[in-house]
Amino acid sequence: MSEAVERVIPPISYPPELPVVQARDDIAQAIADHQVVIVAGETGSGKTTQIPKICLDLGRGRLARIGHTQPRRLAARSVAQRISDELAVPLGDTVGYQVRFTDQVSESSAIKLMTDGILLAEVRHDRLLRQYDTLIIDEAHERSLNIDFLLGYLKQLLPRRPDLKLIITSATIDVATFARHFGDAPVIEVSGRGYPVETVYLDPAEDRDLGLQEQVTGLVADIEHGRFGERGDVLVFLPGEREIRELARALRELERIEVLPLYARLSNAAQSRVFDLSRRRLMRVVLATNVAETSLTVPGIRYVIDPGD
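The sequence shown maps to residues 1 to 309 in the UniProt record's numbering.
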């Protein structure tokens with residue numbers, strides 16, 4: 001990166017409906033006053049997409065970058081795309097991302113999304129992580145080996161980089177542990193977005209002879225026909241890619257629905273279709289791994305089917 005070249009940042013706005021936006025002033029003040037800040041909030045609070053913009057508003061990301069880690073490649077790319085859309089800039093410009101085999105970061109990228117594994121690899125050749133003035137470690141409650149190692153390393157690094165800000169985001173569980181690890185760092189708590197939820201359990205006796213595909217296909221058909229009320233898009237959680245592929249084949253036999261798989265190895269174009277509501281013509285059925293449960297928010301969902309184990 002060239003010396004003394006300050007990046008031009010586009011106008012920044014915030015979706016008022018997100019809970020994290022209500023706490024924006026508190027978060028900004030905490031970041032300004034402390035080297036380490038913990039932000040606790042449930043999925044849907046907006047912390048993943050809005051905190052990098054708060055950092056931009058504070059003047060960070062101009063000469064060095066705001067590094068933002070995600071536990072999964074799919075989340076890294078989708079979050080980068082979402083922030084780019086909100087800033088009205090092309091992906092790879094103000095906001096870039098890097099995952100294994102893909103590097104879409106430019107000199108003008110003030111925010112860099114990446115997996116925690118990418119940041120860990122960078123430590124090997126840049127011990128002081130000089131390309132960053134801010135690091136956001138997202139979904140820290142997942143406590144992977146990569147995250148635990150990074151948090152341990154960053155604790156040792158911070159005294160040597162007094163200019164570096166560290167923001168750790170987590171679900172509300174285990175927040176005190178992170179705060180203690182970093183010398184009683186301040187904790188900002190934000191609520192999740194609440195929606196009225198009705199839970200319906202299938203009768204085990206009624207469906208005990210049906211396999212997973214038959215049960216889910218039947219439920220989707222019932223939703224499409226209005227058995228549970230108003231029709232709407234469906235999110236189905238599945239264990240892995242194989243189950244997603246098999247169920248997708250079965251569901252495509254139904255009429256008037258669009259089947260959208262969502263897993264890490266999909267092409268970028270296929271992943272993007274899940275988040276683009278502008279071309280929606282049919283009821284959408286999104287088949288996803290647990291990446292859609294914690295790391296990202298799928299828009300437009302009215303029904304969730306969780307087959308369990």
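Even glycine gets a Cβ: it sits at the ideal position worked out from N, Cα and C. Since this is a predicted model, take the numbers as computed values, not measurements.
Range covered by the alpha helix (DSSP H) that runs through residue i
| i | result |
| --- | --- |
| D117 | This sequence places Gly at residue 117; Asp is not what is there. That run of the alpha helix (DSSP H) goes 116 to 125. |
| D103 | Taken as a continuous stretch (DSSP letters only), D103 belongs to no alpha helix (DSSP H), being part of the beta strand (DSSP E) at 102 to 104. |
| V274 | 268 to 275 |
| Y153 | 145 to 157 |
| Q22 | 19 to 22 |
| T177 | 175 to 181 |
| A248 | 241 to 251 |
Endpoints, beta strand (DSSP E) assigned at residue i
| i | result |
| --- | --- |
| A88 | A88 -> no beta strand (DSSP E), and no H or E assigned at all. |
| G218 | First-last for G218: 212 to 224, but that is the alpha helix (DSSP H), not the beta strand (DSSP E). |
| H68 | 65 to 70 |
| Y132 | 132 to 137 |
| L166 | 165 to 170 |
| D57 | First-last for D57: 47 to 57, but that is the alpha helix (DSSP H), not the beta strand (DSSP E). |
| L262 | 257 to 262 |
| I305 | 301 to 305 |
| V200 | That residue, V200, is in no beta strand (DSSP E); it is neither H nor E in DSSP. |
| L235 | 233 to 237 |
| L287 | 283 to 288 |
| E189 | 187 to 190 |
| E38 | A small correction: the amino acid at residue 38 is Ile; Glu does not occupy that position in the sequence shown. Start and end: 36 to 41. |
For residue j and residue i, believed in contact at Cβ under 8 Å, the rounded distance
| i | j | result |
| --- | --- | --- |
| E246 | Q213 | 7 Å |
| I167 | L151 | That pair is no contact at about 12 Å. |
| H141 | D184 | Incorrect: roughly 18 Å between the Cβ atoms, too far for contact. |
| I257 | V285 | 5 Å |
| D203 | M283 | Wrong, their Cβ atoms sit about 25 Å apart, outside the cutoff. |
| V259 | V298 | With 8 Å as the limit, V259 and V298 do not qualify as a contact, their Cβ atoms being about 14 Å apart. |
| I38 | C55 | Not confirmed; about 15 Å, so no contact. |
| R7 | S108 | 6 Å |
Beta carbon of residue i nearer than 8 Å to that of residue j
| i | j | result |
| --- | --- | --- |
| L296 | A80 | no |
| P159 | D116 | no |
| D163 | G61 | no |
| L135 | L154 | yes |
| K47 | V190 | yes |
| E139 | T169 | yes |
| residue 390 | A28 | With the chain represented from 1 up to 309, any question about residue 390 goes unanswered, as that position is not in the structure. |
| T43 | G192 | yes |
| P10 | L87 | yes |
| A288 | L235 | yes |
| I83 | K53 | yes |
| R73 | A269 | no |
| I223 | Y97 | no |
| L128 | R100 | no |
| D306 | F237 | yes |
| G300 | L277 | yes |
| S78 | G92 | no |
Nearest neighbour of residue i, chosen from the options [CA to CA]
| i | options | result |
| --- | --- | --- |
| H68 | A248, K165, H225 | K165 |
| V21 | G92, S45, T102 | S45 |
| R242 | G41, L262, G226 | L262 |
| V5 | L128, L145, Q104, A110 | A110 |
| P15 | D25, Q50, R161 | Q50 |
| V36 | N290, R281, Q156, A250 | Q156 |
| A250 | T177, H181, V220 | V220 |
| T199 | F228, Q215, S267 | F228 |
| residue 386 | V216, A176, E253, P239 | Because the chain in this structure spans residues 1 to 309, residue 386 falls outside the shown range and cannot be described. |
| V89 | I12, G211, G240 | I12 |
| G211 | R130, G308, R280 | G308 |
| I147 | E230, Q131, I118 | I118 |
| F149 | Q131, R130, R124 | R124 |
| H34 | D85, P19, R24, F182 | F182 |
| P239 | E255, N290, D103, P196 | N290 |
| T217 | R281, Q131, P196, E253 | E253 |
Cβ-heavy atom distance, residue i to the ligand HEM, below 7 Å
| i | result |
| --- | --- |
| P10 | Absent from the structure shown: the ligand HEM. Ligands present: none. |
Interface flag, residue i vs chain C, CB-CB below 8 Å
| i | result |
| --- | --- |
| V105 | No chain C appears in the structure shown, which is made up of a single protein chain. |
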